Amino acid sequence: MSNHYPGWAVRAGIWTREFRVFGRLFLSLLVVLGLNLIVVGCASTDRLPAVPLSIASKINIDIPDARFYPDTDAQRLAALGLQAYKRAQAAHHGHLPTNYFLAISGGGDDGAFGAGLLAGWSARGDRPVFGLVTGVSTGALSAPFAFLGSEYDAKLKQVYTDTRADDIFKKRTLLAAVANDAMTDTTPLRNMIASFVDKAMIDRIAEEYGKGRLLLIMTTNLDQGRSVIWNIGAIAASGYPGKQDLIVDILRASAAVPGLFPPVMLDVSVDGKRYQEMHVDGGAVAQAFLYPPSLNLKSNSARFGIQRKRVAYVLRNGRLFRPEENVKRQTLSIATQAISTMTATSGVNDTYRMYLTTKRDGVGFNLAYIDNDFTLPYKGPFDQGYMRALFEYGYEKGKAGYHWHKTPPGYQE
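Here is the structure:
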């Protein structure tokens with residue numbers, strides 16, 4: 000498949016466009032760093048100790064089944080799936096319909112594509128109710144809307160067509176950026192998330208969780224260099240007094256582009272001792288996920304006598320490859336394009352991982368992405384004209400009946 004795509008490729012968690020937008024700022028920061036080592040040393044941000052990996056499994060946040068490590072918690076995830084199956088059986092009186100999965104990738108403002116496709120799919124009238132919805136980065140922000148269905152399409156559209164850069168972040172001064180934990184302040188983003196993750200939404204998520212549906216969000220624990228999967232339904236259904244703030248923090252963390260956006264610090268305890276975890280964009284590990292490959296749905300279904308058809312849909316909020324570029328023989332240009340190439344390729348690798356996992360388990364695979372027929376030039380982060388055009392592009396695709404790709408790019412059966 001040709002990699003000569005117009006526009007910019009976008010990766011969940013790291014928006015390669017922003018590397019260019021902030022490139023000169025990075026260089027300025029290095030100069031300021033060299034001139035202000037004493038100031039920076041005095042202004043460094045304090046934190047509680049990180050949780051040692053050896054005791055990570057003992058972390059207590061007072062909510063059962065709230066979080067999982069995909070690399071070690073396959074059995075716990077299998078138990079969660081079995082619980083969800085039993086709840087779904089009870090909700091449907093034993094007559095279970097097809098279980099549809101939806102994975103929404105990151106991609107910054109290119110999340111307008113997935114939002115539009117979902118809204119258009121609703122307008123077409125055959126959008127299914129998803130038993131599992133997962134999200135990473137911007138996909139984490141849209142996942143709660145997608146999970147709750149077409150009744151939230153209007154709000155989903157609002158987020159991706161009315162949002163401006165000022166609604167997401169505020170740029171810090173050069174010295175503040177060096178002395179602090181990121182080049183921007185994302186208080187506006189937190190306020191925006193909190194405005195839609197209200198009591199009504201949390202109650203609806205809890206209600207659907209009780210019916211056996213799952214909403215999972217991925218962040219990256221940067222201290223340990225590993226993913227964490229958060230079970231938003233379990234948090235919503237709990238009696239935990241700070242559950243709204245925790246859900247907001249998880250969504251914000253999943254979209255916290257390292258270096259550009261501040262990490263989210265989560266207080267946890269192990270054996271009565273207080274620690275802090277540093278969580279950043281889930282895309283630092285994976286741009287999208289359905290469920291860990293260590294969780295074998297086929298064998299678990301046979302073990303527990305589960306007979307249910309499963310179909311997965313993957314929404315990639317971006318193109319498949321970064322565009323061709325005449326790279327300048329300069330350090331920043333070389334580094335930027337290398338990162339862009341690496342992250343775009345990583346996104347394609349994620350689709351292969353999901354495809355092979357679903358193929359092993361007998362789950363139908365469907366992939367959508369921004370194709371080369373969308374040609375509007377990119378003008379800058381969260382440009383409303385660009386996002387509205389991309390939303391309409393996705394909407395028309397969904398309304399007409401998207402031609403889902405059945406294999407990853409370049410794969411031949």
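The opening position of the sequence shown corresponds to residue 0 in numbering that gives the first Met the number 0, with each subsequent residue numbered one higher. For every residue, glycine included, the Cβ atom is placed at its ideal position computed from N, Cα and C. Keep in mind the model is a prediction, meaning the values are calculated, not measured.
Just list the residues that DSSP pairs residue i with in beta bridges.
| i | result |
| --- | --- |
| TRP229 | ARG66 and ILE216 |
| VAL267 | TYR274 |
| ASP280 | THR218 |
| THR183 | LYS170 |
| VAL135 | MET217 |
| HIS404 | LEU366 |
| PRO257 | PHE260 |
| ASN348 | DSSP output for ASN348 lists no bridge partner at all. |
| ASN190 | According to DSSP, ASN190 bridges with nothing at all. |
| ASN59 | SER268 |
So residue i and residue j are in contact, right, with Cβ under 8 Å, and what is the actual spacing, rounded?
| i | j | result |
| --- | --- | --- |
| ALA139 | SER253 | 4 Å |
| ASN299 | GLY80 | 7 Å |
| THR350 | PHE260 | Going by Cβ atoms, the distance from THR350 to PHE260 rounds to 25 Å, so no, they are not a contact pair. |
| MET386 | THR183 | Not confirmed; about 19 Å, so no contact. |
| ILE58 | VAL267 | 5 Å |
| TYR239 | ILE62 | 5 Å |
| PRO96 | ILE228 | That belief does not hold up - the Cβ atoms of PRO96 and ILE228 are roughly 25 Å apart, past 8 Å. |
| PRO408 | VAL310 | Not confirmed; about 20 Å, so no contact. |
| GLN243 | ILE216 | Between ILE216 and GLN243 the Cβ distance is about 15 Å, and since that is not below 8 Å, they are no contact. |
| ALA367 | LEU375 | Actually they are not in contact, since the Cβ atoms of ALA367 and LEU375 sit about 18 Å apart, beyond 8 Å. |
Identify which residue in the options has its Cα closest to the Cα of residue i.
| i | options | result |
| --- | --- | --- |
| THR218 | PRO376, LYS169, ALA334 and SER136 | SER136 |
| PHE320 | VAL279, ASN371, ILE333 and ASN365 | ASN371 |
| HIS402 | GLN383, TYR377, LEU389 and ILE369 | ILE369 |
| ARG318 | LEU250, GLY384 and GLY393 | GLY393 |
| ARG66 | GLY363, LEU375 and LEU213 | LEU213 |
| ALA312 | GLY379, LYS242 and SER104 | One point to set straight first is that residue 312 is Tyr, not Ala, in the sequence displayed. Per the Cα distances, SER104. |
| ARG359 | LEU76, THR330 and LEU294 | LEU294 |
| PHE100 | ALA337, THR344, LEU155 and LYS308 | LYS308 |
| TYR151 | ALA78, PHE195, ASP165 and GLN243 | PHE195 |
| ASN98 | ARG163, GLY361, GLY384 and SER56 | GLY361 |
| LEU314 | ALA145, ILE62 and GLN82 | ALA145 |
| SER56 | ASP72, GLY124 and GLY363 | ASP72 |
| ALA111 | GLY397, PRO291, ASP45 and PRO407 | GLY397 |
| SER121 | SER332, ALA153, ASP45 and PRO408 | ALA153 |
| ALA89 | GLY106, LYS210 and GLY119 | LYS210 |
| ASP125 | GLY148, PRO407 and SER141 | GLY148 |
| THR406 | GLN336, TYR354 and ALA77 | TYR354 |
| TYR410 | GLU395, ASP382, PRO376 and PHE364 | PHE364 |
| ARG163 | PRO408, LYS378 and GLN306 | LYS378 |
| GLU316 | ILE333, THR330 and GLN286 | Rather than Glu, the amino acid found at residue 316 in this sequence is Asn. The residue with the shortest Cα to Cα distance from ASN316 is GLN286. |
| GLY241 | PRO322, ALA193, ASP45 and LEU375 | ALA193 |
| ASP180 | ILE201, VAL279 and ALA142 | VAL279 |
| LEU188 | ALA399, LEU389, HIS404 and PHE381 | PHE381 |
| GLN223 | ALA343, ASP108, LYS198 and VAL284 | VAL284 |
| SER322 | HIS91, SER339, GLN383 and PRO127 | In the sequence as displayed, the identity of residue 322 is Pro instead of Ser. Among HIS91, SER339, GLN383 and PRO127, the Cα nearest to that of PRO322 is on SER339. |
| ILE54 | LYS156, ASP270 and MET200 | ASP270 |
| LEU155 | PRO127, MET191 and SER345 | MET191 |
| GLY93 | GLY107, GLN306 and PRO143 | GLN306 |
| ALA102 | THR344, ALA142 and ILE246 | ALA142 |
| GLN157 | GLN383, HIS404 and ALA399 | GLN383 |
| LYS85 | PHE303, THR335 and MET341 | PHE303 |
With a threshold of 7 Å between beta carbons, is residue i in contact with chain B?
| i | result |
| --- | --- |
| THR185 | Of the protein chains in the structure, only one exists, and it is not chain B. |
- the stretch 322-331 in contact with the stretch 107-115 per 3-pair CB rule at 8 Å: Taking 8 Å as the limit for Cβ pairs, the verdict is that the stretch 107-115 does not touch the stretch 322-331.
- Query: In chain order, which beta strand (DSSP E) runs of at least 3 residues are fully inside the stretch 61-133?
  - Reply: Counting only runs of at least 3 residues, the stretch 61-133 fully encloses the following beta strand (DSSP E) elements, listed from N- to C-terminal order: 98-103.
- Assess, as a yes-or-no matter, whether the stretch 275-282 is touched by the stretch 48-67 under the definition of 3 or more beta carbon pairs within less than 8 Å. Enough Cβ pairs lie closer than 8 Å, so yes.
- Query: Any contact of the stretch 241-251 with the stretch 163-180, i.e. 3+ C-beta pairs under 8 Å?
  - Reply: Verdict: no, contact absent.
- Message: Just to confirm the assignment: which complete beta strand (DSSP E) runs, minimum length 3, are found wholly within the stretch 290-323?
- Response: Here the runs fully enclosed are 309-314.
- Cβ contact check for the stretch 234-242 and the stretch 199-211: 3 or more pairs under 8 Å: Short answer: they touch.
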